[in-house]
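Colleague: Let me begin by handing over the structure; questions about it come next.
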Amino acid sequence: MSTTLVLPERQGSPKPEFPAKSTGPADQRLHRTVLVVDDESLIADTLAEILNDSGDFDAIAVHDGESALEQAQTIAPDILITDVVMPGMNGIDLAKSIRSQFPKTRIVLLSGQAHARDFVRAANHEGYSFELWAKPIHPDLLLERLKRNRS
Numbered sequence: 078m079s080t081t082l083v084l085p086e087r088q089g090s091p092k093p094e095f096p097a098k099s100t101g102p103a104d105q106r107l108h109r110t111v112l113v114v115d116d117e118s119l120i121a122d123t124l125a126e127i128l129n130d131s132g133d134f135d136a137i138a139v140h141d142g143e144s145a146l147e148q149a150q151t152i153a154p155d156i157l158i159t160d161v162v163m164p165g166m167n168g169i170d171l172a173k174s175i176r177s178q179f180p181k182t183r184i185v186l187l188s189g190q191a192h193a194r195d196f197v198r199a200a201n202h203e204g205y206s207f208e209l210w211a212k213p214i215h216p217d218l219l220l221e222r223l224k225r226n227r228s
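Numbering (the working numbering), first residue to last: 78 to 228.
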């Protein structure tokens, strides 16, 4: 027999604070800064919460590409996690823009749609190096993959 306990959200819980700009290489800081972007706010907010709760990441969620670009100027993300298919600026265009501004940012594209693989392949042929992960993704797998060092 299992029991599920549902707790109410804390009212007025503070959002994570981020440094204005990166203070040094990510490996020298305790937490990696993650920008999570998905037009489905529940997905973006949940992923950011999982990352923040892990204690290894400082994550913030936004819900469109334009907001992501603005937020990136403030937090200089170590990692970008973005949905591929979004209205307005799609995840591929967002990833390209982030890469041009922050060349060392690790970029992870999430998609539950099969044709997203073709978009990522085309971007990689243009010289970009983006990771594509299937959605939905289990929280443990998300954390495991993000903690792995990439060369």
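Positions of the beta carbon are idealized from the N, C-alpha and C atoms, including for glycine.
1. State the start and end residues of the unbroken beta strand (DSSP E) segment that holds D217.
2. Considering only DSSP beta bridges, list what A125 is partnered with.
3. Should D116 be counted as a contact of the ligand ADP given a C-beta to heavy atom distance under 7 Å?
4. Where do the ends of the alpha helix (DSSP H) carrying T151 lie?
5. If we count the other Cβ atoms within 10 Å of its Cβ and call it buried at 16 or more, is S188 buried or exposed?
6. Can you say whether H140 is buried or exposed, counting buried as having 16 or more other CB atoms within 10 angstroms of its CB?
7. Between I158 and V111, which are expected to be in contact by the criterion C-beta below 8 Å, what is the C-beta distance as a whole number of angstroms?
8. Between which two residues does the alpha helix (DSSP H) containing D133 stretch?
9. Report buried or exposed for L124, applying the criterion of at least 16 other Cβ atoms within 10 angstroms of its Cβ.
10. Using a Cβ-Cβ cutoff of less than 6 Å, which residues in the same chain neighbour D160 once the five nearest sequence positions on both sides are dropped?
11. Using only the alpha-carbon positions, how far apart do D122 and F134 sit?
12. So A172 and I156 are in contact, right, with Cβ under 8 Å, and what is the actual spacing, rounded?
Modeller: With the given structure in hand:
1. Not the beta strand (DSSP E): D217 falls in the alpha helix (DSSP H), residues P216 to K224.
2. A125 is not bridged to any residue.
3. As for the ligand ADP, it is missing from this structure, which has no ligand bound.
4. G142 to I152
5. buried
6. buried
7. 6 Å
8. That residue, D133, is in no alpha helix (DSSP H); it is neither H nor E in DSSP.
9. buried
10. D115, G168 and L187
11. 14 Å
12. A172 to I156, Cβ: 12 Å. No contact.
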